[in-house]
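According to the working numbering, the sequence shown is numbered sequentially starting from 143.
The next block holds one structure in the form of structure tokens; read it before the comments.
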Amino acid sequence: MAAEKKITVLGATGSIGQSALALVRQNEEKFSVQALVAGKNYHGLAALAREFHPKIIGIHDESKHSELRNLVSDLDCDVVAGEQACSNIATIPVNLVIAGISGLAGLPSVMAAVCSGQTIAIANKESLVSAGAVLTQKANEFGAHILPIDSEHNAVFQCWGGWKGHQAGNIETGKIAEISHICLTASGGPFLTLPIPEFLSITPEAAVKHPNWSMGQKISVDSATMMNKGLEVIEAHWLFGLESRHIDVLVHPQQAIHGMVYFHDGSIIAHLGGTDMRTPISYAMAWPDRLDWGAEPFDLAAISVLTFEAVDSERFPCFTLARQALEAGGVAPAVLNAANEVAVNAFLQGKIAFTGIAAVVDATLATGLAGDLATIEAVFAIDQSARKQAHDLVAKGSVFKN
Ligand SMILES: NC(=O)c1ccc[n+]([C@@H]2O[C@H](COP(=O)([O-])OP(=O)(O)OC[C@H]3O[C@@H](n4cnc5c(N)ncnc54)[C@H](OP(=O)(O)O)[C@@H]3O)[C@@H](O)[C@H]2O)c1
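Structure, rendered in structure tokens:
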């Protein structure tokens, strides 16, 4: 019997891709893999091709093309390489494209999927942060659906009955008038209680150890600075068509509640669940149904106490910078995102201190880059300028070192 849904996984070798494919592995009668894309891990991609039998696989790094082809030469599977070829894969009609590439590198393929009118389960928040205006405009134009995978947005998606994954920002179908605001929760990351003077000596090893979630390196550092939550506020703005003042954030270290929707009648609907990305991914994959994938029982009695606090802006300046960028609008979120990617990399390579991440982002925003982001070419141009500024700041910035 043919599987119900054909899926394409962009970022198949990453944390999100692996979780999505774990769900496919368990539910072969429901999902079949049409295509897989990875960045440079051709061994990992070849192994996935052998297991899931996609019709086509793509590797971004063209220098790995022939090695990849050799590894899967006995399979009935096309092998392509390079950015354009990988983006083309996202246009092949399927029931669901899972966008799990990390960073703005995910934008070309997300845009290609959107302009092909696909249904896209998006984890790649950086694309929405930097190119939210053009992506949502194209989604409306081409009838693409963008379903959130990020756990907090997926939680809001589940709580907000009026928002059913229609075109992003579609106020009429999204019944925006019925809600007062939404709330995304944050764990606070590994440094929620660390004395602030000790932030200067935080190591990359400590920063990537998230207390609740197992994730890729970049997003783990973003969680430690709470830039991740700031990016998520911007992501929520584009996904749900809400202004900054309608997107609240609470630090909730137990991570039992992931998101809440506050309605005008005084009701608040909250989504609770464990900290396993398979829950939100499975909801997006099975939507509008649900998938029984064997989630661990969720023991509220064992958690016993749920606490909430406001975000401390002195401790988490990156969160404030992201909020300010959303409110400033224009190119600011794209500049923020680019500078943050450069700064996080520099931190992971030991070139700047943990506190240097916010300093680099702040200084890059202050350079006053300007432009209009009506196309993805324009987004990439601003992104490149911001990266250059951030790289220069890192190169000459003893001020950012510990
Ligand atoms: N992990 C989570 O729990 C989580 C939760 C919420 C949201 N997200 C978001 O989901 C996205 C992915 O995060 P992750 O943690 O899964 O990252 P990750 O583990 O680092 O995986 C990234 C994936 O993207 C691929 N990739 C990188 N550059 C590429 C390119 N230019 N072209 C094609 N593929 C490329 C990588 O391939 P290679 O392996 O070949 O390098 C890998 O498959 C991020 O935007 C993140 O913010 C993640």
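Backbone N, C-alpha and C define an ideal beta-carbon position, used for all residues, glycine too.
So residue i packs on residue j, CB below 8 Å; how close in whole Å?
i    : j    : result
V375 : L334 : Actually they are not in contact, since the Cβ atoms of V375 and L334 sit about 18 Å apart, beyond 8 Å.
A476 : S272 : 4 Å
E426 : I291 : It should be pointed out that residue 426 corresponds to Ala in this sequence rather than to Glu. With a Cβ gap of about 5 Å, A426 and I291 count as contacting.
A437 : D418 : 7 Å
A281 : G331 : No, A281 and G331 are not in contact; Cβ-Cβ is about 31 Å, not under 8 Å.
G358 : S244 : 6 Å
I399 : L414 : 5 Å
I518 : P250 : 7 Å
I101 : V221 : This structure does not reach residue 101, given that the chain is present from 143 up to 544, and the question cannot be answered.
S174 : K148 : 6 Å
V236 : Q168 : Between Q168 and V236 the Cβ distance is about 19 Å, and since that is not below 8 Å, they are no contact.
A474 : A481 : Not a contact, Cβ separation roughly 10 Å.
Going by the beta-carbon positions, is the gap between residue i and residue j smaller than 8 Å?
i    : j    : result
A232 : T345 : no
S527 : L511 : yes
V391 : A464 : no
L165 : I361 : no
E193 : K172 : no
N230 : A265 : no
H202 : G186 : no
F405 : E283 : no
G274 : W380 : yes
V298 : I324 : yes
H533 : V484 : yes
I262 : V252 : yes
F461 : M369 : yes
A412 : H295 : no
E456 : I338 : yes
G153 : V179 : yes
C257 : V403 : no
L210 : A227 : no
Could you tell me which residues DSSP puts in a beta bridge with residue i?
i    : result
A412 : M402
I240 : V151 and A263
E451 : V393
H287 : T261
C325 : D390 and M402
Under three-state DSSP, which class holds residue i?
i    : result
G331 : helix
D534 : helix
P339 : helix
Q176 : strand
H308 : With a pLDDT of 49 at H308, under the threshold of 50, the modelled position of that residue is not reliable, and no figure is offered here.
I198 : strand
A297 : helix
A145 : coil
I313 : In this prediction, I313 has a pLDDT of 41, which is less than 50 and means its spatial position is unreliable; what the coordinates show is noted afterwards. I313 falls in the helix class under three-state DSSP.
D220 : strand
W355 : coil
S229 : helix
A500 : helix
L433 : coil
A162 : helix
A516 : coil
S365 : helix
L270 : helix
N282 : helix
A439 : The question names Ala, but residue 439 in the sequence shown is Pro. Coil, per DSSP.
E456 : coil
What I want to know is whether the C-beta of residue i ends up closer than 7 Å to one or more non-hydrogen atoms of ligand 1.
i    : result
G181 : yes
D434 : no
C228 : yes
H202 : yes
K267 : yes
T155 : yes
M368 : no
W380 : no
A247 : yes
W429 : no
M357 : yes
A399 : In the sequence as displayed, the identity of residue 399 is Ile instead of Ala. For ligand 1, not one heavy atom lies less than 7 Å from the Cβ of I399.
I158 : yes
M253 : no
G242 : yes
S329 : no
D220 : no
M402 : no
D584 : As displayed, the chain neither begins before 143 nor continues past 544, which places residue 584 out of reach and without an answer.
G274 : no
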